[in-house]
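In the working numbering, the protein residues as written are 446 to 730.
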């Protein structure tokens, strides 16, 4: 799809197709990187990553979003340069609209097929993989770009008899600007979430409350007070520190057994979960 975008951009003289090809090329490269990374995030904690490898998934999502933002920014700047060149009298060859529409239909269909494949494997994996969810979203974005290009160029000839006729020779540049403005929202949101997660922000209230509901039930049954908690997420994993006041003497073995029991119970709801217990009588926060 990336090669097709580059060739179609040259044949049809349409800069917008180069953006489409760049997005497809990024998808292809990141799928290869994600395939390698998906085996790493499942490794158990070790000396190098004492809290596990889950954060690599968040790093992937953040890096992926940053690359997509870079492509959109480059495409927007190039489009503005093309529009300004036309305004200053540069000779601009109009794009071949018929070829663009054919290309757009084929790429949109292929993009939807790839997105469906990612979605199918995401469901098979228990709807947990941020890698597959991100790739599915990115592929849908690529399909939307292709479909939007085809539709926009198909209606471009209707502008010839309007006051907007001067935009037709650089219609691909205007379309790229429009698409860049629309598509920039999703990667910005994903980047913000990834940075927040890596910065140690607390888990969403729904996740935190679900963990606490399970934990409190177990602790109350043993007469142990939950003083405070710190629940956060890294990739598909949920991790938490539970500050507890047992109100009685506990051996190291007792603490280990209690932690294992809490983890087993919580993993019925969150498959990838790790807890640590901190004994205290004061609220640390």
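Here a beta-carbon is modelled for each residue, glycine too, at the ideal position from N, C-alpha and C. Values in this document were obtained by computation on a predicted structure and should not be read as measured data.
Measure the C-alpha to C-alpha separation of residue i and residue j and round it to an integer number of angstroms.
{"i": "residue 680", "j": "residue 571", "result": "14 angstroms"}
{"i": "residue 492", "j": "residue 485", "result": "15 angstroms"}
{"i": "residue 603", "j": "residue 450", "result": "25 angstroms"}
{"i": "residue 700", "j": "residue 648", "result": "24 angstroms"}
{"i": "residue 712", "j": "residue 543", "result": "55 angstroms"}
{"i": "residue 515", "j": "residue 663", "result": "48 angstroms"}
{"i": "residue 524", "j": "residue 623", "result": "10 angstroms"}
{"i": "residue 619", "j": "residue 609", "result": "12 angstroms"}
{"i": "residue 419", "j": "residue 472", "result": "Residue 419 lies beyond the residue range present for the chain, which begins at 446 and ends at 730; the question has no answer from this structure."}
{"i": "residue 600", "j": "residue 613", "result": "10 angstroms"}
{"i": "residue 456", "j": "residue 463", "result": "11 angstroms"}
{"i": "residue 504", "j": "residue 532", "result": "42 angstroms"}
{"i": "residue 595", "j": "residue 549", "result": "5 angstroms"}
{"i": "residue 690", "j": "residue 506", "result": "38 angstroms"}
{"i": "residue 616", "j": "residue 652", "result": "47 angstroms"}
{"i": "residue 659", "j": "residue 710", "result": "7 angstroms"}
{"i": "residue 578", "j": "residue 452", "result": "29 angstroms"}
{"i": "residue 621", "j": "residue 729", "result": "52 angstroms"}
{"i": "residue 564", "j": "residue 487", "result": "20 angstroms"}
{"i": "residue 490", "j": "residue 719", "result": "11 angstroms"}
{"i": "residue 635", "j": "residue 696", "result": "44 angstroms"}
{"i": "residue 592", "j": "residue 582", "result": "15 angstroms"}
{"i": "residue 638", "j": "residue 644", "result": "10 angstroms"}
{"i": "residue 529", "j": "residue 657", "result": "58 angstroms"}
{"i": "residue 470", "j": "residue 526", "result": "23 angstroms"}
{"i": "residue 534", "j": "residue 590", "result": "29 angstroms"}
{"i": "residue 673", "j": "residue 511", "result": "35 angstroms"}
Kindly indicate which residue of the options has the alpha-carbon position closest to the one of residue i.
{"i": "residue 576", "options": "477, 699, 725, 698", "result": "477"}
{"i": "residue 588", "options": "561, 717, 609, 573", "result": "561"}
{"i": "residue 468", "options": "628, 643, 661", "result": "628"}
{"i": "residue 480", "options": "599, 553, 580", "result": "580"}
{"i": "residue 502", "options": "640, 690, 650, 655", "result": "640"}
{"i": "residue 642", "options": "611, 678, 715, 574", "result": "678"}
{"i": "residue 630", "options": "513, 454, 706", "result": "513"}
{"i": "residue 716", "options": "606, 511, 574, 452", "result": "574"}
{"i": "residue 667", "options": "635, 650, 633, 707", "result": "707"}
{"i": "residue 461", "options": "657, 511, 494, 541", "result": "541"}
{"i": "residue 625", "options": "517, 495, 530, 448", "result": "517"}
Got a sec, what are the start and stop residues for the beta strand (DSSP E) residue i sits in?
{"i": "residue 682", "result": "682–690"}
{"i": "residue 679", "result": "670–679"}
Under DSSP, the alpha helix (DSSP H) around residue i begins and ends at which residues?
{"i": "residue 506", "result": "500–532"}
{"i": "residue 658", "result": "650–666"}
{"i": "residue 696", "result": "No alpha helix (DSSP H) holds residue 696; DSSP gives it neither H nor E."}
{"i": "residue 575", "result": "575–600"}
{"i": "residue 558", "result": "542–569"}
{"i": "residue 634", "result": "630–643"}
{"i": "residue 605", "result": "That residue, residue 605, is in no alpha helix (DSSP H); it is neither H nor E in DSSP."}
{"i": "residue 448", "result": "447–457"}
My assumption, with CB atoms under 8 angstroms, is that residue i sits in contact with residue j. Please give the rounded CB distance.
{"i": "residue 692", "j": "residue 670", "result": "7 angstroms"}
{"i": "residue 446", "j": "residue 585", "result": "So it is not a contact: roughly 14 angstroms between Cβ atoms."}
{"i": "residue 545", "j": "residue 459", "result": "5 angstroms"}
{"i": "residue 552", "j": "residue 509", "result": "That belief does not hold up - the Cβ atoms of residue 552 and residue 509 are roughly 20 angstroms apart, past 8 angstroms."}
{"i": "residue 724", "j": "residue 704", "result": "About 11 angstroms separates the two Cβ atoms, so there is no contact after all."}
{"i": "residue 685", "j": "residue 675", "result": "6 angstroms"}
{"i": "residue 567", "j": "residue 682", "result": "Their Cβ separation, rounded to whole angstroms, is 17 angstroms, which puts residue 567 and residue 682 out of contact at 8 angstroms."}
{"i": "residue 727", "j": "residue 655", "result": "Residue 727 to residue 655, Cβ: 26 angstroms. No contact."}
{"i": "residue 466", "j": "residue 454", "result": "6 angstroms"}
Considering only DSSP beta bridges, list what residue i is partnered with.
{"i": "residue 719", "result": "684"}
{"i": "residue 474", "result": "Beta-bridge pairing links residue 474 to no other residue."}
{"i": "residue 724", "result": "689"}
How about residue i: is its C-beta nearer than 7 angstroms to some C-beta of chain B?
{"i": "residue 609", "result": "The structure shown has no chain B; it contains just one protein chain."}
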